[in-house]
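Participant: Have a look at the structure that comes next, please.
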Amino acid sequence: MKIEIKWTDISDDDSHHLWNAKYVLYAYFHPEKDKLLYIGKCLSTTVKCRWQGKDKLIGFWKQLKDEGIHEHSIAVGELKIKDKHEFTDILLKDIESLLIFSLRPWGNIQCVNSIILSHKLKIFCKGDWYHNLNYFANYFDKK
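What the sequence shown shows, in my numbering, is residues 34 to 176, in sequence order.
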C-alpha cells in the first residue's frame with residue numbers, strides 16, 4: 034500500500050485546526066529541526082491533548098528537560114490514502130511503527146528493535162518533514 038504523509042508544522046500557530054486533529058501522526062523535532070525527538074499517533078484523542086502531556090508522554094517531557102531541551106517544534110502528519118475505506122486504526126499503528134523502527138527517534142522506546150506489521154507499506158513524507166529520510170518501506174517489489 035502506497036501512502037503519502039503531508040506534514041504541517043503547527044508550532045507557531047496556537048489556533049491551527051490540526052491541534053484538534055484525530056487519526057493523524059505527530060512528530061516532535063529539536064528546535065534546530067535536525068533531530069527527530071518523537072513520533073506518535075492520535076486515534077481517539079487530539080494532537081493538543083497528546084502535546085499537553087496528560088498521558089504517557091509525561092515522562093518524555095521530563096526526559097527532555099533533563100537533557101537540556103526546553104523547546105521543540107511539532108509537525109502533524111495527515112495521511113493521503115487513495116481508498117478512504119482502507120484507513121483503519123491498525124493501519125495508522127503500522128505506519129507509526131514503521132517510522133519509529135526506521136528512524137529510531139530519541140524519545141520513542143517501543144518499536145525500535147523489531148516490528149510486526151499487518152500491512153505492506155511504502156510511505157513517502159512531504160511538506161514540513163524535517164528529517165533527511167522521507168521514504169520508508171517494509172517490502173520491495175521483485176523485478
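All residues carry an ideal CB built from backbone N, CA and C; glycine is no exception.
1. Using only alpha-carbon positions, find the residue among 55, 43 and 99 that is nearest to residue 78.
2. Look at the alpha carbon of residue 142 and the alpha carbon of residue 164, and state the distance between them as a whole number of angstroms.
3. Say whether the region 90-104 touches the region 112-126, bearing in mind that this needs 3 or more beta-carbon pairs closer than 8 angstroms, one atom from each stretch.
4. Quick check on DSSP: helix, strand or coil for residue 92?
5. Mark residue 172 as exposed unless 16 or more other C-beta atoms lie within 10 angstroms of its C-beta, in which case mark it buried.
6. Counting only the same chain and skipping the five closest in sequence on each side, list residues whose C-beta sits under 6 angstroms from that of residue 37.
7. DSSP puts residue 71 in a beta bridge; with which residues?
8. Could you give the first and the last residue of the continuous alpha helix (DSSP H) run that contains residue 51?
Facilitator: Concretely, from the data shown:
1. Within the sequence shown, residue 78 is the residue found at index 45, counting from 1. Taking only the C-alpha atoms, the option nearest residue 78 is 55.
2. Sequence index remark: in the sequence shown, residue 142 carries index 109 (1-based). Sequence index remark: in the sequence shown, residue 164 carries index 131 (1-based). Computed Cα separation, rounded: 19 angstroms.
3. no
4. The sequence position of residue 92 within the sequence shown is 59, counting from 1. Looking at residue 92 - three-state DSSP - the assignment turns out to be helix.
5. Here the question's residue 172 lines up with position 139 in the sequence shown. Exposed is the call here.
6. Mapped onto the sequence shown, residue 37 falls at position 4. Counting only Cβ-Cβ distances below 6 angstroms, and skipping sequence neighbours, we find 113 and 157.
7. Position 38 of the sequence shown, counted from the first residue, corresponds to residue 71. Note: residue 71 sits in a beta bridge opposite 61.
8. Translated into the one-based positions of the sequence shown, residue 51 becomes position 18. Run containing residue 51: none; DSSP gives neither H nor E here.
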